[in-house]
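> The following block contains the structure, expressed as structure tokens.
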Amino acid sequence: MPTPQPALDRSATVLVAGSSGLVGSAVLRRLEAEGFTSVVGIHSKDVDLTDAQATLDRITSIRPAVVIDAAARVGGIAANDAEPVEFLNDNLRIQTNLFTAAHAADVDRLLFLGSSCIYPKHSPQPIPESALLTGPLEETNDAYAIAKIAGVLAVRSYRRQYGRRWISAMPTNVYGPGDTFHPTRSHVLPALIRRFHEAVRSGAEEVVVWGSGTPRREFIHVDDLAAACLHLLDHYDDPSPVNIGVGEDLSIADLAALVAEAVGFTGRITWDTARPDGTPRKLLDISRLRATGWEPGIGLPEGVRSTVRWYVDTLAEPCGRADAG
Ligand code: GDP
Numbered sequence: 017m018p019t020p021q022p023a024l025d026r027s028a029t030v031l032v033a034g035s036s037g038l039v040g041s042a043v044l045r046r047l048e049a050e051g052f053t054s055v056v057g058i059h060s061k062d063v064d065l066t067d068a069q070a071t072l073d074r075i076t077s078i079r080p081a082v083v084i085d086a087a088a089r090v091g092g093i094a095a096n097d098a099e100p101v102e103f104l105n106d107n108l109r110i111q112t113n114l115f116t117a118a119h120a121a122d123v124d125r126l127l128f129l130g131s132s133c134i135y136p137k138h139s140p141q142p143i144p145e146s147a148l149l150t151g152p153l154e155e156t157n158d159a160y161a162i163a164k165i166a167g168v169l170a171v172r173s174y175r176r177q178y179g180r181r182w183i184s185a186m187p188t189n190v191y192g193p194g195d196t197f198h199p200t201r202s203h204v205l206p207a208l209i210r211r212f213h214e215a216v217r218s219g220a221e222e223v224v225v226w227g228s229g230t231p232r233r234e235f236i237h238v239d240d241l242a243a244a245c246l247h248l249l250d251h252y253d254d255p256s257p258v259n260i261g262v263g264e265d266l267s268i269a270d271l272a273a274l275v276a277e278a279v280g281f282t283g284r285i286t287w288d289t290a291r292p293d294g295t296p297r298k299l300l301d302i303s304r305l306r307a308t309g310w311e312p313g314i315g316l317p318e319g320v321r322s323t324v325r326w327y328v329d330t331l332a333e334p335c336g337r338a339d340a341g
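Residue 17 is where the sequence shown starts when you use the working numbering, and the numbers rise one by one after that.
Next comes the structure, spelled out in structure tokens:
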């Protein structure tokens with residue numbers, strides 16, 4: 017069971033790697049809200065985390081007490097399926113360089129963010145942390161998953177060999193402000209927000225959604241995820257990864273209906289079954305997280321509505337900016 021730890025010192029220097037991404041930027045907001053006074057964000061435009069020496073130089077010059085690793089090459093099912101080499105190599109490099117540098121800088125607390133895709137394709141539902149390495153992975157994102165599994169093993173190894181109090185967290189599918197709303201490369205929720213919104217604007221009567229609509233997914237708002245990350249750094253210190261989710265899932269068909277309603281699309285939804293469905297179901301068992309005293313706070317309908325508002329205000333005007341990120 018998780019061991020309660022003293023709360024992080026709010027004046028400690030906290031480094032957020034991947035600070036311009038969906039998760040990293042939410043973690044920065046949360047650190048500020050929780051009164052952390054010495055926070056440094058780094059991201060790929062600032063230091064190339066696939067470059068070992070550059071990463072080492074930057075981290076040893078910052079000398080953080082805490083590192084939150086939200087840096088990764090990420091993408092939806094199509095991007096993962098099309099570019100497994102980059103998803104494998106870049107993610108292995110980024111995390112290895114960060115861990116090597118964090119160890120050299122004597123970082124006491126580190127949180128590595130993985131993904132629920134590390135679990136076998138046909139896991140028991142909801143998926144407990146103990147399902148790790150018990151069966152074959154989903155093929156569309158196995159390269160990314162293997163990189164993240166290597167990260168979990170690395171964290172565990174630094175703990176065992178060097179006594180580092182480092183931890184791994186496995187978030188379920190994340191969404192929210194700051195996401196990538198690319199039409200083909202992004203994850204399902206931002207992709208659908210964009211597609212339905214464009215249909216409303218153009219007056220289209222039909223929107224095509226990928227797959228069969230039957231896969232089930234669980235979605236966590238990024239502000240909930242950021243809160244859970246800091247909660248775990250305060251209260252969790254165990255070699256096992258810990259799942260971060262909301263405890264509920266829904267079908268992609270139900271998600272499409274929810275997004276259509278939030279965007280105001282009243283036309284027809286059709287399914288492109290030539291596109292892969294991916295894993296049939298991904299619902300995380302969050303009892304370990306709950307045992308630390310944390311509960312999600314943002315319901316999906318509310319989170320989708322606020323993300324639609326953010327998209328419309330920030331990216332949808334003028335046309336074309338939605339590729340940003
Ligand atoms: P996954 O959880 O790793 O499979 O990541 P995604 O968010 O990319 O896909 C989740 C599910 O949504 C899959 O079954 C997709 O086939 C389905 N889906 C439906 N429409 C889309 C879309 O426009 N983009 C993406 N990425 N997925 C979609």
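No residue lacks a Cβ here, since even glycine has one placed at the ideal position from N, Cα and C.
Note that the structure is predicted; figures quoted are calculated from it, not measured.
If you scan the region 274-322 from start to end, which runs of the alpha helix (DSSP H) of 4 or more residues do you find wholly inside it?
Runs found: 303-307.
> Return yes when at least one heavy atom of the ligand GDP lies under 7 Å from the C-beta of glycine 92, else no.
Flag set: Cβ of glycine 92 near the ligand GDP.
> Confirm the yes/no value for this check: CB of cysteine 245, any heavy atom of the ligand GDP, distance under 7 Å.
No, the beta carbon of cysteine 245 sits no closer than 7 Å to any heavy atom of the ligand GDP.
> Please go through the same chain and pick out, in chain order, the residues whose beta-carbon is closer than 7 Å to the beta-carbon of leucine 65, but skip the five residues on each side of it.
If we look at leucine 65 and ignore the five residues flanking it on each side, its Cβ neighbours are Ala33, Thr71, Ala87, Ile110, Asn113, Leu114.
> Counting C-beta neighbours from all protein chains within 10 Å, is the total for proline 152 16 or more, i.e. buried, or is it exposed?
Exposed: under 16 other Cβ atoms inside 10 Å.
> Is it buried or exposed for threonine 150, if we count other Cβ within 10 angstroms and need 16 for buried?
Threonine 150 should be labelled exposed.
> Where does glutamine 21 fall in DSSP's three states?
The predicted model places glutamine 21 with a pLDDT of 49, which falls under 50 and marks its position as unreliable, so this point remains unresolved.
> Determine the contact status of serine 267 and glycine 309, defining contact as a CB-CB distance below 8 Å.
Cβ distance not < 8 Å, so serine 267 and glycine 309 don't count as in contact.
> What residue does the beta strand (DSSP E) around isoleucine 84 start on, and which one ends it?
Looking at the DSSP string, the run of the beta strand (DSSP E) that includes isoleucine 84 is 82-85.
> What residues are listed by DSSP as bridge partners for proline 187?
Paired residue(s): Ile260.
> Taking buried to mean at least 16 other C-beta atoms within 10 Å of its own C-beta, is alanine 290 buried or exposed?
Result: exposed.
> Check whether the region 74-83 and the region 131-146 are in contact - that is, three or more C-beta pairs closer than 8 Å.
With a cut-off of 8 Å, the region 131-146 and the region 74-83 do not count as touching, because too few Cβ pairs lie within range.
> Decide if the region 169-188 is in contact with the region 314-326; the criterion is three or more beta carbon pairs, one per stretch, under 8 Å apart.
Verdict: no, contact absent.
> How would you write the range of the alpha helix (DSSP H) that arginine 89 sits in, first residue to last?
Note, arginine 89: premise wrong, no alpha helix (DSSP H); not H, not E.
> Using CA atoms only, rank isn't needed, just tell me which of Leu108, Ser202, Leu169, Thr188 is closest to alanine 159.
Checking every option, the nearest Cα to that of alanine 159 belongs to Leu108.
> Take threonine 29 and list the residues in its own chain whose beta-carbon comes closer than 6 Å to its own, dropping the five residues that flank it on each side.
Excluding residues within five positions, the ones whose Cβ falls inside 6 Å are Ser54, Pro80, Ala81.
> Once you ignore the five residues that flank glycine 227 on each side, which residues in its own chain have a CB closer than 8 Å to its CB?
If we look at glycine 227 and ignore the five residues flanking it on each side, its Cβ neighbours are Ile268, Trp287, Asp288, Thr289, Arg291, Pro292, Asp293, Gly294.
> Which two residues bound the contiguous beta strand (DSSP E) that contains threonine 66?
Looking at the DSSP string, threonine 66 is not in any beta strand (DSSP E), and its letter there is neither H nor E.
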